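Each number in our numbering comes from the position in the sequence shown (counting from 1) with 8 added on.
Where a beta carbon is used, it is the ideal one built from N, C-alpha and C, also for glycine.
The structure presented is a predicted model; accordingly, all values stated were derived computationally and were not measured.
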Amino acid sequence: RRVTIDIAGRLPSIEETNAFLSDTEPNKRAQKIERLLASPDHADYFAGKWAAILRNKRAKPEHARGSVAFHQWLRNAIYKNQPYHQIAREFLTASGETGTNPPVVWYRTVRDSKDQLENVAQVFLGVRMQCAQCHHHPYEKWSEDDYYGLQAFFSRITRKPGLQPGEEIVLHNRGQATSKNPRTGKTLKPKPLGGKELTIPSYEDPREHLADWMINPANPFFAKMLVNRYWKHFFGRGLVDPEDDLRVTNPATHPELLESLASDFIANGYDLKRLVRTITNSHTYQLSAIPNQHNSEDSQNYSRFYPRRLPAEILLDGINTVTGANESFAGQPAGTRAIQLPDDTFSKSSYFLSVFGRPDMNSACECERSADVNLAQALHLVNSNNIRLKLSSDQSRPANLAKQKDAQPQNLLTQLYLHALSRPPQPEELATALAYLQRKQNEPRPTSPKEGDKAAPADPILPTRQAYEDLIWALLNTKEFLFNH
9 RRVTIDIAGR
19 LPSIEETNAF
29 LSDTEPNKRA
39 QKIERLLASP
49 DHADYFAGKW
59 AAILRNKRAK
69 PEHARGSVAF
79 HQWLRNAIYK
89 NQPYHQIARE
99 FLTASGETGT
109 NPPVVWYRTV
119 RDSKDQLENV
129 AQVFLGVRMQ
139 CAQCHHHPYE
149 KWSEDDYYGL
159 QAFFSRITRK
169 PGLQPGEEIV
179 LHNRGQATSK
189 NPRTGKTLKP
199 KPLGGKELTI
209 PSYEDPREHL
219 ADWMINPANP
229 FFAKMLVNRY
239 WKHFFGRGLV
249 DPEDDLRVTN
259 PATHPELLES
269 LASDFIANGY
279 DLKRLVRTIT
289 NSHTYQLSAI
299 PNQHNSEDSQ
309 NYSRFYPRRL
319 PAEILLDGIN
329 TVTGANESFA
339 GQPAGTRAIQ
349 LPDDTFSKSS
359 YFLSVFGRPD
369 MNSACECERS
379 ADVNLAQALH
389 LVNSNNIRLK
399 LSSDQSRPAN
409 LAKQKDAQPQ
419 NLLTQLYLHA
429 LSRPPQPEEL
439 ATALAYLQRK
449 QNEPRPTSPK
459 EGDKAAPADP
469 ILPTRQAYED
479 LIWALLNTKE
489 FLFNH
């Protein structure tokens, strides 16, 4: 369950769970990881993750074409396992229009050169440059010269109207790349962090030079930032925390491990799937989430797995899987799952996704996604009309289970537990559920129908259907369902 959620962004199917439990091969975990990495679900899930980080926003309806194209570009790159340094270069140096080069959508959203340098530094280098715009902090490395030297790489970007309504063509405007510090009046040429100023010919795009420096194996930030970001994805916190704030005054908890993973990432061609494989096959990742007397207080040494609430999209898809409901999203094909949504618009239009913390993509920081547990979430799960309709629909799982008159109740209940928790019920859980089913079926029924009843009381499957609704509702509200553990 844990690895399927973390790699594929979904709950495992009953078939997958049963196959894994019955598999006697000693390397069955590694084989499962390979199948998940090769699946379209992995590309769907991580495309959504990167779309949020890279702020794939749809500010206007006419932006839909571009935001969908950018999301698809990310998905294709992840599915094909395109090397990360190539993805970063294509993204950073994107020119043209969305139809031929979808990453230019980022320049549609992030328009100012200061925002561009700050976003790129934070996303790809793990360096937060915002404070260096105004002053050189006495305890930090980066100065105003570093800030405006980095800004100069973005100083020759220009735009003209695109071929489609609402779209633009992003171009390199020939000329000398410079940036001026408004406080001191000092003009700076492009300057990589920790490097010297560059004199770039006017006909060359400065972003190409920035990409050359950024993806160079000797760059001290690029590989470490990505490794740390992925480590946080799988463990809930980075080796450096926050994951995009690599600095001397915020050291890694395990510096040798971060260095080793980054070196391996570089040596193997910036292979993202290899990195995922390395992390998820590790003993550390596969540790139990149940604390013992030796590690119950540990929150940063990875002596156990730290449970965390399911992300909004996975939780919504999981609820739909367990209840048998179908979700519809405006403008999306039937059957679209929440993890496949391309941009920010659905964070606003879906109350569920909003209340459970799907980001609005206004920031390059993954901290915009909320993993907190709050009262609004609890109330929504307990008594919202949305959840009630998923349970009471005539096409719902409770309705379908109630119709299976010849099936053994214990088998149907086992299916429910496998759907929701990826395990069969414990004997005491099964006994409690069977007793509840029996009690509901034996309850006296009214002799005449009441307004609003789904069916006449004489309907023999109605008590059973209502019992299954209650049991599934109870499962959806357990910590075991709501958390990855």
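Note down the Cα distance separating residue i from residue j, rounded to an integer number of angstroms.
{"i": "PRO111", "j": "HIS79", "result": "9 Å"}
{"i": "ARG10", "j": "TYR155", "result": "41 Å"}
{"i": "ASN84", "j": "ALA338", "result": "23 Å"}
{"i": "THR101", "j": "PRO198", "result": "15 Å"}
{"i": "GLU321", "j": "ALA379", "result": "12 Å"}
{"i": "ARG255", "j": "GLN418", "result": "56 Å"}
{"i": "GLN423", "j": "PRO432", "result": "8 Å"}
{"i": "PRO435", "j": "GLN348", "result": "37 Å"}
{"i": "SER362", "j": "ASP368", "result": "9 Å"}
{"i": "VAL390", "j": "LEU234", "result": "38 Å"}
{"i": "LEU280", "j": "PHE354", "result": "27 Å"}
{"i": "ARG215", "j": "LEU196", "result": "16 Å"}
{"i": "TYR444", "j": "HIS427", "result": "19 Å"}
{"i": "SER30", "j": "ALA51", "result": "27 Å"}
{"i": "GLY343", "j": "GLU335", "result": "7 Å"}
{"i": "ALA67", "j": "ASN35", "result": "47 Å"}
{"i": "ARG167", "j": "SER358", "result": "33 Å"}
{"i": "GLY202", "j": "THR486", "result": "50 Å"}
{"i": "PHE498", "j": "ASP153", "result": "Because residue 498 is not part of the residues shown, which for the chain are 9 to 493, the question remains open."}
{"i": "ARG282", "j": "ASN89", "result": "9 Å"}
{"i": "ASP123", "j": "ILE22", "result": "46 Å"}
{"i": "GLU437", "j": "ALA482", "result": "12 Å"}
{"i": "ASP213", "j": "ASN109", "result": "16 Å"}
{"i": "TRP81", "j": "ARG345", "result": "18 Å"}
{"i": "ASN492", "j": "HIS145", "result": "39 Å"}
Using C-beta distances below 8 Å, list every residue in its chain close to residue i, excluding the 5 sequence neighbours before and after it, in chain order.
{"i": "THR286", "result": "LEU269 and ASP272"}
{"i": "ILE327", "result": "ALA333, ILE395, LYS398 and LEU484"}
{"i": "ASN289", "result": "ARG37, ALA38 and ILE41"}
{"i": "LEU44", "result": "VAL11, THR12, ILE15, ALA16 and HIS50"}
Who does residue i pair with in a DSSP beta bridge?
{"i": "ARG167", "result": "VAL178"}
{"i": "LYS188", "result": "THR195"}
{"i": "PHE491", "result": "ARG317"}
{"i": "GLY104", "result": "VAL178"}
{"i": "ARG473", "result": "Per DSSP, none; premise fails for ARG473."}
{"i": "ASN258", "result": "ARG255"}
Taking Cβ positions, are residue i and residue j nearer each other than 9 Å?
{"i": "ILE480", "j": "ARG377", "result": "no"}
{"i": "ALA16", "j": "SER47", "result": "yes"}
{"i": "ARG97", "j": "ASP49", "result": "no"}
{"i": "ARG316", "j": "GLY244", "result": "yes"}
{"i": "LEU324", "j": "ARG312", "result": "no"}
{"i": "THR32", "j": "SER430", "result": "no"}
{"i": "ILE165", "j": "ASN181", "result": "yes"}
{"i": "CYS142", "j": "GLU148", "result": "no"}
{"i": "ILE274", "j": "PRO228", "result": "no"}
{"i": "THR106", "j": "ARG73", "result": "yes"}
{"i": "LEU318", "j": "LEU442", "result": "no"}
{"i": "VAL131", "j": "HIS71", "result": "no"}
{"i": "LYS448", "j": "ALA415", "result": "no"}
{"i": "SER121", "j": "PHE162", "result": "yes"}
{"i": "HIS93", "j": "ILE223", "result": "yes"}
{"i": "ALA59", "j": "PRO341", "result": "no"}
{"i": "LEU171", "j": "PRO200", "result": "no"}
{"i": "HIS160", "j": "THR192", "result": "Note that residue 160 is Ala in the sequence shown, not His. Not in contact: ALA160 and THR192 (Cβ atoms no closer than 9 Å)."}
Given residue i, which residues of its chain have a CB within under 6 Å of its CB, disregarding the five upstream and five downstream residues?
{"i": "LEU158", "result": "LEU125"}
{"i": "GLY277", "result": "PRO91"}
{"i": "ALA129", "result": "VAL135 and MET137"}
{"i": "ARG473", "result": "PRO406, ALA407 and ALA410"}
{"i": "ASN127", "result": "VAL118 and ALA372"}
Is the closest heavy atom of the ligand GTP to the C-beta of residue i under 8 Å?
{"i": "LYS65", "result": "Within the structure as shown, the ligand GTP is missing, as the structure has no ligands at all."}
Rounded to the nearest angstrom, how far is the Cβ of residue i from that of residue j, given a contact under 8 Å?
{"i": "PHE230", "j": "LEU133", "result": "6 Å"}
{"i": "VAL76", "j": "TYR115", "result": "Between TYR115 and VAL76 the Cβ distance is about 17 Å, and since that is not below 8 Å, they are no contact."}
{"i": "LYS65", "j": "ASP352", "result": "5 Å"}
{"i": "ILE61", "j": "GLU374", "result": "6 Å"}
{"i": "PHE242", "j": "ASP14", "result": "5 Å"}
{"i": "GLN412", "j": "LEU420", "result": "6 Å"}
{"i": "PRO471", "j": "GLU451", "result": "6 Å"}
Which residues in the same chain as residue i place their Cβ atom closer than 7 Å to its Cβ, once the five residues preceding and following it in sequence are excluded?
{"i": "LEU247", "result": "ASN236, TRP239, ALA260, THR261, HIS262, LEU265 and LEU266"}
{"i": "SER8", "result": "The first residue shown for the chain is 9 and the last is 493, placing residue 8 beyond what the model contains."}
{"i": "GLU488", "result": "LEU429"}
{"i": "THR331", "result": "LYS398, LEU399, SER404, ARG405 and ILE480"}
{"i": "THR292", "result": "TYR310"}
{"i": "ASP306", "result": "ARG312"}
{"i": "GLU477", "result": "LEU399, SER400 and PRO406"}
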